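A.B. asks: Submitted below is the structure of interest, expressed as structure tokens.
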Amino acid sequence: MPKVSFKISARTAKLIGRENFSNPEGAIVELVKNCYDADAKNCLVVFDISFETVPNELSISDYRRFAYEPLVKDNYKRKGKIYQLGANIGLDKAIKLQEFFFRDNAIYVIDNGHGMTKDVVTDQWMEIGTDNKETSAISVDGRVLTGAKGIGRFALDRLGFISEMWTVSKKNRKGCTWKMNWKQFDQPKKGLSEITADIEDAELDLKFFLKAQFKGRSRILNILNATNFSHGTVIKISSVKDNWSESMQESVFKSLEALVPPQELGIPFKVNFYSLADMRLFGEVETAFFNDFDYKVEAHFHAASMKLNLEMTRNELDLKEVKSKYAELFKNTKKPYDIATLSSKTFTFSRTAFEILKLEKATSLESRLRKLGDFSFSFYYLKNSASKDYPYRDFNTGERQKVLKRFGGIKIYRDSFRVRPYGDIGNDWLKLGDRGAQSPAGAGQRIGDWRVGPNQVAGLVKISRLKNPGLADKSDRGSLIENEYFDILRSLVTGVINVFEIDRSTILNLFYIETKRKEELDRFLQIRKEAEKIADEIIIKRNKVEREIYGTKPDLFREAKNKVEKEEFQKIIESGIGRIEKKDDEDAELAQVRTLASLGIIVTSFAHELKNIKNNLEELENFEKIFYKVVPDEQKKKNDFINGIDILELLKKDNERISHWVNYSLNAIKKDKRKRAPLQFNKYFSGLYKTWAILLDDRFIKLNIKNNNKRVYNFRAFEMDMNTIFNNLISNSIESFNKLKVIRKRIIQVSFKVVGDKMQILYHDNGVGLDKIFRKNKDEIFLPFVTTKEDKNSNEFGTGLGMYLVKSVVDDNNGRIEILDSTVGFKLLIEFPVRKK
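In the numbering used here, the protein residues as written are -18 to 818.
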């Protein structure tokens, strides 16, 4: 059978290429990337724009210069000392006029890279879709090549109709010229193989050639004189297609600021940008470099070991002030929160990917991490306002805001070039804004509770086409395909940011607690001073009244009596003022819990409805009796009857569970549970046992309560607080038993006794124990939004607030909580202060 081959029209090839460059800005960026791939150390982008738009008016001299063109002669009419464009000239003529006036507009892209020989231009550069960058992905100087599709040439077509190139090869110092008219691609029925370009060998001195092109342009000439141009490439695009206004050129300049490799990557690649219309504009393309930051984190992920090596630099505090005023706060702190580490500023540590993600090891996760490949992440935190509550070092707020406006956001760089739109204004791809909204606490209020906002950060995620093949471009090169590898990259980057958040909140929490202590002391001294003043006034007024009534008889005991009375008055007044201020604090706290109260109302309403359902379900007993009566005896041995009885038994069990839930819900929000009152743990744990009995029995879990206490004690607390602690612990134990892969009795053991002036409660289950990701730092389990609960599809479904609430309740009751080492299961010690009766 004869074979036939496909043919492709020139127009189709052009359309395929054009899809990759939806705007002229992207086309220029592509050409600059080609300079980088050519190992250039310098790149110049020069705009020579005579007309930004079709002129509405022409001077007499300009008209004479262009009058040879019939389009100009026919459409511009003299009005006094000018020639004016006629109205309603039509779209066809407007396009032709634009093409005419834009024919001398030109864009130059110049580099001093390795250049090309005539053979390379012919065999590789002229081949559409060439795979030479796929097969040789590393440049001569060791750069990872940014392009791979072989269609970057169409960036020239996107920008203008005529392209010219002068190139000298570094290899043999031979040069050639190339010229192309892209209008050929628009000719109907023309095949791709019929498209031609002009090419010929040439003796070229690029520096001499460029000096002639830009004669009198001192800023460009200075660069040419200081730069080696013995080899490289000059591309000139003329008859440009776009209205290159000053603002549009500025947009390209800003894009290059974000796209060119940042200084910290240490890559010798400078880009200069000029407009011949106004040489004062633009200049060297500056890239992000942050030397004034509060925190810096460098993270390097190694896929083979699935570890992240991290280097953290703290630069936020005035260390001189910290050492002179707050050294005592760091007396008992452990590394890296000690004064020595704080003074050295920079320290290193490592975490496994599972610790960062807060997920258990799993084969599927390990596979994704390995396939993700190595990457690096540089993160900077720059706060834009300061609080006097913390010993911050001085910084220039205005300067920081300017830097963040230009270079802020977490950006992705592939092989040293920016991948957009990640990190652009409005592109919060890490959802830092959402995280901050979920946890709006101040940085020092609670450890791990603070979340950084997207407007306070800058950073670079550095990936590579070779090392991260799973992070692929979309077809239009607009962004990355958001697949499973992108998701895990995002999670790892967010996890590294969370390490910073925990570190900062841990440091600042020490100052927050100290500030609150001082405020409390100042408040106490102020109350005492005010009370003493009022007591003095009372004594003075009382003495005055007594003198008016009884005269001035000598009283040998008056001074002693006044002193005693003053002390009594002072105590009463202090107590009164204290109660008033305490009520203000309670009112503020009440505002915070109103949301929770509204949830309680919803639960109450829902429980009331369920109570009615529960009462209806209790009629199942009567229904069963009726069922037995109405079914004839001969039918009772049949399967339908037996199935009916089985269904009734299931309904009765469900009824029992619903009744239990309703009773528990209503009991939990009773008024007496919301009062701080004397609490006896033997009585409390007895009620807890009854509450959970049915649910635990269904899961074959045994709850043992052991009272080891022999002493009488006095402890006051909200019963609801105790419910928060132990309901969360039992819920976690149930989840732990669900993960158990060995067969054994499932036991939760709770024991309690008074030791000294502390009530010690030991909680222990024999489930799977503390997740491995917390074993290096057990206290991380108490941080907010930390969860390891997963559904059957490995999706997180826990709120991550359970153990955070447990710790909060213990702290609010002046207690202490500690996770103990356990060979089997999970073990926890809680201590509350008690008083002897």
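Note that beta-carbon positions come from the ideal geometry of N, C-alpha and C, so glycine has one too. The model shown is predicted, which means the values in this text are computed figures rather than measured ones.
Would you call the stretch 197 to 208 and the stretch 75 to 83 touching, i.e. three or more CB-CB distances under 8 Å?
C.D. replies: No contact exists between the stretch 197 to 208 and the stretch 75 to 83.
A.B. asks: Over the uninterrupted beta strand (DSSP E) stretch that includes Trp895, give me the two end residues.
C.D. replies: Residue coverage of the chain in this structure runs from -18 to 818, which leaves residue 895 outside it and unanswerable.
A.B. asks: Within the chosen definition, does the stretch 700 to 713 reach the stretch 655 to 671 through at least 3 CB pairs nearer than 8 Å?
C.D. replies: Yes, the stretch 700 to 713 touches the stretch 655 to 671.
A.B. asks: Any idea if Val805 is buried or exposed, counting beta-carbon neighbours within 10 angstroms, 16 or more meaning buried?
C.D. replies: Burial call: exposed.
A.B. asks: For my contact list, Ala439 and Leu385 are in at a C-beta cut-off of 8 Å; report their separation, rounded to the angstrom.
C.D. replies: Between Leu385 and Ala439 the Cβ distance is about 7 Å, and since that is below 8 Å, they are a contact.
A.B. asks: Identify every residue that forms a DSSP beta bridge with Pro659.
C.D. replies: Paired residues: Arg697.
A.B. asks: Using CA atoms only, rank isn't needed, just tell me which of Ser368, Asn162, Ile728, Gly123 is closest to Leu489.
C.D. replies: Selected option, being the one with the closest Cα: Ser368.
A.B. asks: Which residue's Cα is closest to the Cα of Asp454: Tyr403, Asp100, Glu500, Met293?
C.D. replies: With distances taken between Cα atoms, Asp454 lies closest to Tyr403.
A.B. asks: Specify, as a first and last residue, the run of the beta strand (DSSP E) that Asp122 falls within.
C.D. replies: Element bounds for Asp122: n/a, residue is neither H nor E.
A.B. asks: Leaving out five residues on either side along the sequence, give the residues of the same chain with a beta carbon under 6 Å from the beta carbon of Asp468.
C.D. replies: Taken in chain order, the list of residues that qualify is empty.
A.B. asks: Could you work out which residue in Gln437, Asp503, Glu500, Ala422 is closest to Ser486 when comparing CA atoms only?
C.D. replies: Among Gln437, Asp503, Glu500, Ala422, the Cα nearest to that of Ser486 is on Ala422.
A.B. asks: What beta strand (DSSP E) runs, 3 residues minimum, are completely inside the stretch 5 to 92?
C.D. replies: Entirely contained in the stretch 5 to 92, the beta strand (DSSP E) runs reaching 3 residues are, in chain order, 23 to 29, 38 to 40, 57 to 60, 63 to 66, 87 to 92.
A.B. asks: Are the Cβ atoms of Ser712 and Gly783 separated by less than 8 Å?
C.D. replies: A contact, by the Cβ cut-off of 8 Å.
A.B. asks: What residues match up with Pro814 in a beta bridge as DSSP calls it?
C.D. replies: Answer is Lys739, bridged to Pro814.
A.B. asks: Nearest-angstrom Cα distance between Leu411 and Phe250?
C.D. replies: Going by the C-alpha atoms only, they are around 29 Å apart.
A.B. asks: Can you tell me whether Asn290 is helix, strand or coil according to DSSP?
C.D. replies: Reduced to three states, the DSSP call for Asn290 is strand.
A.B. asks: Does the distance from the CB of Phe142 to the CB of Asn162 come in under 8 Å?
C.D. replies: Against a cut-off of 8 Å, the Cβ pair of Asn162 and Phe142 comes out as a contact.
A.B. asks: Assuming Trp225 contacts Ile9 (C-beta within less than 8 Å), just tell me the rounded distance between them.
C.D. replies: 10 Å between Cβ atoms; not a contact.
A.B. asks: Return helix, strand or coil for Asp104, following the three-state DSSP convention.
C.D. replies: Residue state, collapsed to three classes: helix.
A.B. asks: Check for me: the alpha helix (DSSP H) holding Glu336 runs from which residue to which?
C.D. replies: It spans 334 to 338 - the alpha helix (DSSP H) in which Glu336 sits, taken as one unbroken run.
A.B. asks: On the CB-based measure, 16 or more other CB atoms within 10 Å of its CB, does Glu615 come out buried or exposed?
C.D. replies: Under this definition Glu615 is an exposed residue.
A.B. asks: Compare the C-beta of Lys386 against all C-beta atoms of chain C and say whether one is closer than 8 Å.
C.D. replies: Reference to chain C is not applicable here, since this structure consists of a single protein chain.
A.B. asks: Just list the residues that DSSP pairs Ser357 with in beta bridges.
C.D. replies: Beta-bridge pairing links Ser357 to His281, Lys443.
A.B. asks: Compute the Euclidean distance between the alpha carbons of Asn209 and Leu246, then round it to the nearest angstrom.
C.D. replies: Spanning the two alpha carbons is a distance of roughly 23 Å.
A.B. asks: With distances taken between CB atoms, is the gap from Val149 to Val90 smaller than 8 Å?
C.D. replies: Not in contact: Val149 and Val90 (Cβ atoms no closer than 8 Å).
A.B. asks: Pairing CB atoms from the stretch 288 to 304 with CB atoms from the stretch 315 to 330, are three or more of them under 8 Å?
C.D. replies: Short answer: they touch.
A.B. asks: Is it true that the stretch 729 to 747 meets the stretch 807 to 817, where meeting means three or more beta-carbon pairs spaced less than 8 Å apart?
C.D. replies: Flag = yes, the stretch 729 to 747 and the stretch 807 to 817 touch.
A.B. asks: Which residues does DSSP pair with Ser712 in a beta bridge?
C.D. replies: None; Ser712 has no bridge partner.
A.B. asks: Pair every Cβ in the stretch 352 to 369 with every Cβ in the stretch 472 to 481, then say whether three or more of these pairs are closer than 8 Å.
C.D. replies: Enough Cβ pairs lie closer than 8 Å, so yes.
A.B. asks: For a test of the three-state rule: what should DSSP assign to Gln419, helix, strand or coil?
C.D. replies: Helix.
A.B. asks: Taking C-alpha atoms, which residue in Asn479, Ile798, Lys753 lies nearest to Ala343?
C.D. replies: Selected option, being the one with the closest Cα: Lys753.
A.B. asks: Which residue from Arg427, Ile406, Gln426, Trp431 puts its Cα closest to that of Ala418?
C.D. replies: Nearest C-alpha to Ala418: Trp431.
A.B. asks: Is there contact between the stretch 444 to 454 and the stretch 117 to 125, where contact requires at least three CB pairs shorter than 8 Å?
C.D. replies: Touching, yes.
A.B. asks: Determine the contact status of Val400 and Leu237, defining contact as a CB-CB distance below 8 Å.
C.D. replies: No, the pair does not count as a contact, with Cβ atoms beyond the cut-off.
A.B. asks: Straight-line CA distance for Pro243 to Ile391?
C.D. replies: Distance between the alpha carbons of Pro243 and Ile391 is about 13 Å.
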